[in-house]
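**Student:**
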Amino acid sequence: MKFDTPAGTNPIDQLKVIGKPTDRIDGPLKTTGAAKYAYEWHEEVPNAAYGYIVGSAIAKGRIGSIDLDEAKAASGVLAIVTAKEAGKLGKGKFNTVKLLAGPDIDHYAQAIAVVVAETFEQARAAAAMVRIDYVRAKGSFDLAEGLKTAPITGGMGDDGKPAPKEDRYGDFEGAYAAAPVKLDERYTTPDQSQAMIEPHASIAAWDGDKLTVWNANQMVDWSRADLATTLGIPKDNVRLISPYVGGGFGSKLWIRADVVMAALGAKAAGRPVKIALPRPFLMNNTPHRPATAQRIRIGTDQAGKITAFAHESGTGDVAGGQPETVTAQSKLLYAGENRLLQRRLAHLDLPESNAMRAPGEAQGLMALEIAMDEMAEKLKIDPIEFRIINDTQVDPMKPEKRFSQRQLTECFRIGAEKFGWSQRNASPGQMRDGRWLIGMGTATAFRGHINTPSKARIRLDAKGIVTVESDMTDIGTGSYTIFAQTAAETMGLPLDKVIVKLGDSTFPVSAGSGGQWGANSGTAGVYAACMKLRELVAERLGLNTADAAFVDGKVRSANRSIALGDAAKGGDIVIEDGIEFGDLDKQMHQATFGAHFVEVGVDAYTGVTRVRRMLAVCAAGRILNPKAARSQVIGAMTMGVGGALMEELAVDRRFGFFVNHDLAGYEVPVHADIPHQEVIFLDEVDATTSPMKAKGVGELGLCGVGAAVANAVYNATGVRIRDYPITLDKHLDRLPAIA
Ligand code: MOS
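Take the position in the sequence shown, starting the count at 1, then add 1; the result is the number in the working numbering.
So, in C-alpha cells, the structure goes:
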C-alpha cells in the first residue's frame, strides 16, 4: 500500500481496540520468564560453548604480538580467534570502527580476541591468559581540547550525501548585534551510556555455510545485512532472531562484537557459541552518547520576540564518525528570522559515539531549554509565555512549509493548569518546605517524525485466528500489543483472536525499532497487509470488497453474515503486504511536541536534589495504546532525570577510556528517585503520517526533561548550572544562606 495522500476515514477510526489502554499481550511471558532473550535459547541450542572477548587494554596504537599458547592449553578451551585467525573481514554500514581489531587499535576495549571454552568460567579464565604486547600511540581524549581546532561540518545527511556545512538564514550577526535583549551562554552535556538492562548478547550456530544468530537487536534487517558484510557471506545465508529485547535505547540498532565474535568463535570451535558482553566491558566496547559543548545566542526585541538565534555545538568521535545532530531541533522549534546553526566534530580516540535515545535532540534540548529559561528571566516574561510568543506553525527558515500538526502551545496551557504553574515564584530561591528549597521548571519537548517502510505477513485460518508475522522488534515498547490491536481492529476481531510473531529475519522486513518510528510505521504495515487480506476474504466468500464489513469475527454484506474463518475453510489464507510512504513528509514537517513540568526540592544543607513530581503533556498524533505509550513516556522522563542529575561517563584523559564502566559507578535513577509522574496525551490525529494517524512518543518523552529539571533546580536555588549532570558539588557553596 502506497501512502501518499492524507488518510481518510478507515477501519482504524472505529477505535474498538486501537486507542484503548491495553495490557501487554507478551506480559505474562515476560513476567514468568518464558519469553526467551538472546542468551536463553537453551533448548534450541543445547550444546552451545561459551565465548569470552578479550578487549584492548590501550586506546590507541597497535598490537605488537599476541601469545596464545598458555590460553590454548587452559582447561576447557575449544578455540581462540584473533584478527589473524579470522582472516579478512568486512565492516558493516552502521559500524564506524571494526568489531574485531588488529593489529591497529581504534579504542579502548575494542575486541581483539575471543576465547571459546566449555564453560563461561573456563573461557573467562583462559581469556586472562592471552598475552598481548601493545605499542601504545598518543591519542586524543579531551573534547574541549579537540574542539579548539575541530572543523565545522554538517556530517552526512540522511540521504547519504554530505549535509550543508552549516545552516544560515537571514543575517544572524547583524540582527544579534542590534537586538536590545540578548543571551550568550555555553553549556555542556557529558558522555552517557544507554545502560539498558539486557547487555549485548548472542548465540551463533552454523549449519554448513548457513548461520543462525539469536541476537539482542532493534533492527533485524539492517543487522542481518551488516553481519553478512562483516563475515563476507551472502545475506541470504544469515538468519537473525530477536523476538525479545531487554531495552536498547539505540545501542542495539546495529551489530556489535558479541554477534560477530560468537559467529567467528562458533566456526572455529565447530560448535554453537554464546556471548554476553559483561557490563564493565560493554561500556567501553560499545557506542555511547557523545558529550557536547554548546553555545547558544538568542536576541529578542523588548516584547520577547526572537530576532536572532544561533546554536553551535561540538562533539567528538573516532575517525570516520559523524557530528551529533545537536542543533536539529533548533532549525524548527522557535520562530526567528535570522539564524545560524553550526556543528563541529573533534577527532577523539575514545570509544565510538553513536545513537542513544533521541540522539541530538536529547543533548540539544538540554542546553536550548535552559537558554530559553534564562532568556525569559532576562525579559521578565514567564518562561511558558516566552515559548508561546515564539511558537510557530511554519518552518522558520522556509515559511511556506507548515507543520502537519503542532500543538505546542496547547501542551503548555494544559500542563500549566494541571501542574499548578501559577504557584511558582518567578524569583528563584524563595520557596521553602522545611529544609527543602523548592523550585518548578518547564521545558519544551520536540522530536521529528520519521516514516520507514514496513511489511507484514498475515495468515487467516478456518478458526478465524489471524497470525501476524514481521521482523519488527519489541524492545520493551509494546510492539506485540499494538500490532495485535491493529490486526484486531482492521479484521473486526477481539484481541485474543490475533497471534503476533516478531523478530525473525525469515519474516517480512519491518520498520524495526528506532527513531520512535516503530509504532506508526510498523502498525501501518500491519494495517496495509490486513486490508489486502480483507480483499481476499471478500473474494473467497463471493462478496463485494467495498460492501463487506468486518465486525465481531463476522464478515457482513447486505443481509449476509459469514464467520471470518469460513473464508479459510479451503485452506489458510496467507498474504504479505506493507506500507510505503510517498512524500507527505517532504511537503510538510511532521513532528511530535510536548511540555515537561518538574518540581524539585534541593536540600538547603547538603545541596542534594530530589525530584518531587513530574508532568509531561504530549501531542504526538493518535495514541495507539495509551497504557504502553504512558509507559514509554514515564520511562523516558526517568531517563531524563538521570541525564539531569546523575549520568556521566567519566573520561580518563590520560589513557582514553570511561572510568565508571559499570552500574555501580554509572548511576541511573531508581524507583525511590522518581516519586510521582503524570502523562497527558492531547487528543490528536495526524492523517498525514499514515493510515494509523499516529506518530511516536518513545523519544519525545526524553526530549527536554533534563532542562526542565535544571530549570527547576535554578528556580529552587537561584544558582544556574550549565554543565550536566547537576550534582551537588556544582552549587553547594553558592546555595542561599541557611539562617
Ligand atoms: Mo533510537 S537512538 O533510534 O533506538
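Note that CB positions come from ideal geometry on N, CA and C, so glycine has one too.
Measuring CA to CA, which of 154, 390, 464 and 55 is closest to residue 571?
**Tutor:** Answer by Cα proximity: 464.
**Student:** Would the beta-carbon of residue 353 fall within 9 Å of that of residue 288?
**Tutor:** Yes, Cβ-Cβ distance for residue 353 and residue 288 is below 9 Å.
**Student:** Quick check on residue 606: buried or exposed, where buried means 16 or more other Cβ atoms within 10 Å of its Cβ?
**Tutor:** Result: exposed.
**Student:** With C-beta atoms as the reference, is residue 732 less than 9 Å away from residue 608?
**Tutor:** For residue 732 and residue 608, yes; Cβs fall inside 9 Å.
**Student:** Going along the chain, which residues of its own chain have a beta-carbon closer than 6 Å to the beta-carbon of residue 269, five neighbours each way excluded?
**Tutor:** Contacts found: 80 and 82.
**Student:** At the level of alpha carbons, what is the spacing between residue 615 and residue 451?
**Tutor:** The straight-line gap from Cα to Cα measures roughly 27 Å.
**Student:** Among residues of its own chain, excluding the 5 on either side of residue 345, which ones have a beta-carbon nearer than 8 Å to its beta-carbon?
**Tutor:** 148, 151, 152, 153, 154, 313, 314, 315, 316 and 324.
**Student:** Please indicate yes or no: does the CB of residue 598 lie closer than 8 Å to some heavy atom of the ligand MOS?
**Tutor:** No, Cβ of residue 598 sits at least 8 Å from all heavy atoms of the ligand MOS.
**Student:** Could you compute how far the alpha carbon of residue 277 sits from the alpha carbon of residue 208?
**Tutor:** Taking the straight line from one Cα to the other gives about 22 Å.
**Student:** Starting from residue 484, trace the alpha helix (DSSP H) in both directions and tell me its first and last residue.
**Tutor:** Segment 480 to 492, the alpha helix (DSSP H) holding residue 484.
**Student:** Are the CB atoms of residue 136 and residue 63 nearer to each other than 9 Å?
**Tutor:** A contact, by the Cβ cut-off of 9 Å.
**Student:** Anyone know if the C-beta pair for residue 646 and residue 667 falls short of 9 Å?
**Tutor:** Their beta carbons are not under 9 Å apart, which means residue 646 does not touch residue 667 by this criterion.
**Student:** Would you mind giving the Cβ-Cβ distance between residue 447 and residue 594, rounded to the nearest angstrom? I have them listed as a contact below 8 Å.
**Tutor:** Indeed, because the Cβ distance is near 6 Å, the residues count as touching under 8 Å.
**Student:** Under 7 Å from any heavy atom of the ligand MOS, by CB: list those residues in chain order, please.
**Tutor:** Having a Cβ closer than 7 Å to some heavy atom of the ligand MOS are 219, 249, 250, 251, 254, 356, 357, 358, 359, 360, 514, 515, 516 and 700.
**Student:** Which two residues bound the contiguous alpha helix (DSSP H) that contains residue 144?
**Tutor:** Note, residue 144: alpha helix (DSSP H), 144 to 148.
**Student:** Within the same chain, show all residues whose beta-carbon is closer than 6 Å to that of residue 539, passing over the 5 residues directly before and after it, in chain order.
**Tutor:** Closer than 6 Å at the Cβ level, and outside the excluded window around residue 539, lie 546 and 549.
**Student:** For a quick check, are the C-beta atoms of residue 87 and residue 265 less than 9 Å apart?
**Tutor:** Yes.
**Student:** Which residue marks the beginning of the alpha helix (DSSP H) containing residue 399, and which one marks its end?
**Tutor:** First-last for residue 399: 399 to 403, but that is the beta strand (DSSP E), not the alpha helix (DSSP H).
**Student:** Within 10 Å of its beta-carbon, does residue 47 have 16 or more other beta-carbons around it, so buried, or fewer, so exposed?
**Tutor:** Result: exposed.
**Student:** State buried or exposed for residue 394, treating a residue as buried only when at least 16 other CB atoms are found within 10 Å of its CB.
**Tutor:** Label assigned to residue 394: exposed.
**Student:** Rank 553, 536, 520 and 454 by C-alpha distance to the C-alpha of residue 498 and give the top, closest one.
**Tutor:** Taking only the C-alpha atoms, the option nearest residue 498 is 553.
**Student:** To the nearest angstrom, report how far apart residue 702 and residue 474 are at their CA atoms.
**Tutor:** Each residue's Cα considered, the two are about 20 Å apart.
**Student:** Under DSSP, the alpha helix (DSSP H) around residue 714 begins and ends at which residues?
**Tutor:** Where residue 714 is concerned, the enclosing alpha helix (DSSP H) stretches over 706 to 718.
**Student:** Excluding the 5 residues preceding and the 5 following residue 598 in the sequence, name in chain order all residues of the same chain whose CB lies nearer than 6 Å to its CB.
**Tutor:** Excluding positions up to five away in sequence, the list reads 416, 420, 443 and 616.
**Student:** What residue from 256, 403 and 470 has the CA that sits closest to residue 95's CA?
**Tutor:** The shortest Cα separation from residue 95 among 256, 403 and 470 belongs to 256.
**Student:** Using CA atoms only, rank isn't needed, just tell me which of 275, 347 and 507 is closest to residue 49.
**Tutor:** Checking every option, the nearest Cα to that of residue 49 belongs to 275.
**Student:** Among residues of its own chain, excluding the 5 on either side of residue 334, which ones have a beta-carbon nearer than 8 Å to its beta-carbon?
**Tutor:** Excluding sequence neighbours, residue 334 sits near 369, 445 and 447.
**Student:** Answer with buried or exposed for residue 660, where buried requires no fewer than 16 other C-beta atoms within 10 angstroms of its C-beta.
**Tutor:** That one is exposed.
**Student:** Quick check on DSSP: helix, strand or coil for residue 1?
**Tutor:** As displayed, the chain neither begins before 2 nor continues past 740, which places residue 1 out of reach and without an answer.
**Student:** Locate the beta strand (DSSP E) running through residue 57, then write down its first and last residues.
**Tutor:** Premise fails: residue 57 is in no beta strand (DSSP E) and is neither H nor E.
**Student:** Touching or not, the segment 619 to 627 and the segment 16 to 29, by the rule of three or more beta carbon pairs under 8 Å?
**Tutor:** Touching, per the Cβ criterion.
**Student:** Short of 6 Å in beta carbon distance, which residues of its chain neighbour residue 729, apart from the five on each side in sequence? Order them along the chain.
**Tutor:** So the qualifying residues of the chain are 608 and 609.
**Student:** For residue 71, which residues of its own chain have a beta-carbon under 6 Å away from its beta-carbon, when the five flanking residues on both sides are left out?
**Tutor:** Excluding positions up to five away in sequence, the list reads 130.
**Student:** Distance check for residue 299 and residue 612, CA to CA, integer angstroms please.
**Tutor:** Straight-line Cα distance between these residues: approximately 29 Å.
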